[in-house]
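Numbering (this note's numbering), first residue to last: 10 to 282.
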Amino acid sequence: MRLDNMLIAEGVAGPEKGGGAGAAANASAAANAGDSAIEHSDYRAKLSQIRQIYHQELEKYEQACNEFTTHVMNLLREQSRTRPITPKEIERMVQIIHKKFSSIQMQLKQSTCEAVMILRSRFLDARRRRRNFSKQASEILNEYFYSNLSNPYPSEEEKEALARRCGITVNQVSNWFGNKRIRYKKNIGKAQEEANLYAAKKAAGPVLPVSPHTTYLQGTSPYSMSGTPGPMMSPPPAEDSMGYGMSGMNGSGYAGAMSYEGLHQVSPESPDL
DNA sequence: GGATATGATTTTGG
DNA sequence: CCAAAATCATATCC
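Here is the structure:
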């Protein structure tokens with residue numbers, strides 16, 4: 010019964026959603042830049058495809074089961090001319106048939122569950138759907154990072170502020186700083202120092218009212234600031250291309266290959282009587 | 001197409 | 001639990 014529960018939870022089994030699948034795409038349209046709506050509807054489209062196949066197959070099995078039961082009953086009726094057959098016996102036979110078919114249906118359910126799982130991991134695993142942050146967001150984050158090189162650990166509030174300004178989540182800010190710290194450290198002496206051009210930006214506008222709380226790690230700055238900031242006062246051209254269209258999103262990347270075919274060949278072989 | 005950049009997740013250490 | 005490090009998987013550049 011676990012399979013049933015899962016299928017219902019995923020919206021495959023259970024009551025059919027009336028006609029339109031757009032009913033669920035209104036919840037999270039407010040906060041972020043609305044890029045999750047597209048993939049979500051795409052996801053739902055694929056899910057509904059699975060659901061359709063599932064119901065189709067289920068019905069087919071049901072039908073086959075009924076047909077087969079009728080067939081067996083006819084056989085038994087013929088046999089009853091030569092030997093007595095009790096109703097008990099007939100009932101037992103029917104039960105056996107139903108059990109067989111329900112186990113076949115169980116296979117279908119399991120395959121469907123697998124397909125749903127694959128679909129989920131394909132579409133919902135954010136790692137596979139990575140999108141670069143906008144130019145502006147990177148600017149903001151880098152600005153903060155290089156302005157606080159001695160302590161690049163924004164507090165929770167600062168993370169929230171950064172997240173708001175960048176249009177990303179706090180978690181993404183944390184990820185970004187985690188990646189940035191480790192990758193900066195790996196490159197000390199390389200062009201990273203060069204990227205101190207963000208320090209120049211700081212002069213233009215103190216956009217970050219950074220609270221001066223530096224708790225641990227204050228004295229032992231692990232980022233050694235190796236003294237070659239260099240005279241690279243080249244002002245950033247600030248080419249705000251702004252062309253961050255995320256409308257590509259061809260859905261057919263994984264679409265057909267979800268290996269959901271081939272599970273409806275579970276031919277209702279006759280139960281060995 | 002491969003090399004590199006980059007966001008996200010997993011593993012590991014305190 | 002948080003952060004570093006390693007790793008994964010995709011985007012983007014050339």
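Glycine included, every Cβ here is placed at the ideal spot set by N, Cα and C.
Buried versus exposed call for residue i [16 or more other C-beta atoms within 10 Å across all chains shown]
i	result
K195	exposed
Q181	buried
F186	buried
S159	exposed
S147	exposed
K199	exposed
A172	buried
A54	exposed
S120	buried
K66	The sequence given here has Glu at residue 66, not Lys. With 16 or more other Cβ atoms within 10 Å, it is buried.
DSSP three-state assignment for residue i, whether helix, strand or coil
i	result
A70	With the sequence shown as reference, residue 70 is identified as Tyr, and Ala is not the correct amino acid for it. Y70: helix per DSSP, three-state reduction.
R95	The question names Arg, but residue 95 in the sequence shown is Thr. The answer is coil: DSSP assigns T95 none of H, G, I, E or B.
G187	helix
N75	helix
M15	helix
R192	helix
S57	helix
V21	coil
R86	helix
M102	helix
K168	helix
I62	helix
7 Å Cβ cutoff met for residue i and residue j
i	j	result
E169	V179	yes
I197	C175	no
M15	C122	yes
P163	R190	no
Y63	V21	yes
I99	L85	yes
A59	A124	Here residue 59 is Ile; the residue named in the question, Ala, does not match the sequence. Their beta carbons are under 7 Å apart, which means I59 touches A124 by this criterion.
Exercise. For the segment 95-109 against the segment 73-84, are there 3 or more C-beta pairs whose distance is under 8 Å?
Worked result: yes
Problem set entry | In chain order, each alpha helix (DSSP H) run of at least 4 residues that lies wholly inside the segment 104-163 | 144-156
Exercise. How do the segment 153-161 and the segment 82-99 stand: do at least 3 beta-carbon pairs fall below 8 Å, yes or no?
Worked result: no
Exercise. Counting Cβ pairs closer than 8 Å, one from the segment 70-78 and one from the segment 109-127, do we hit at least three?
Worked result: yes
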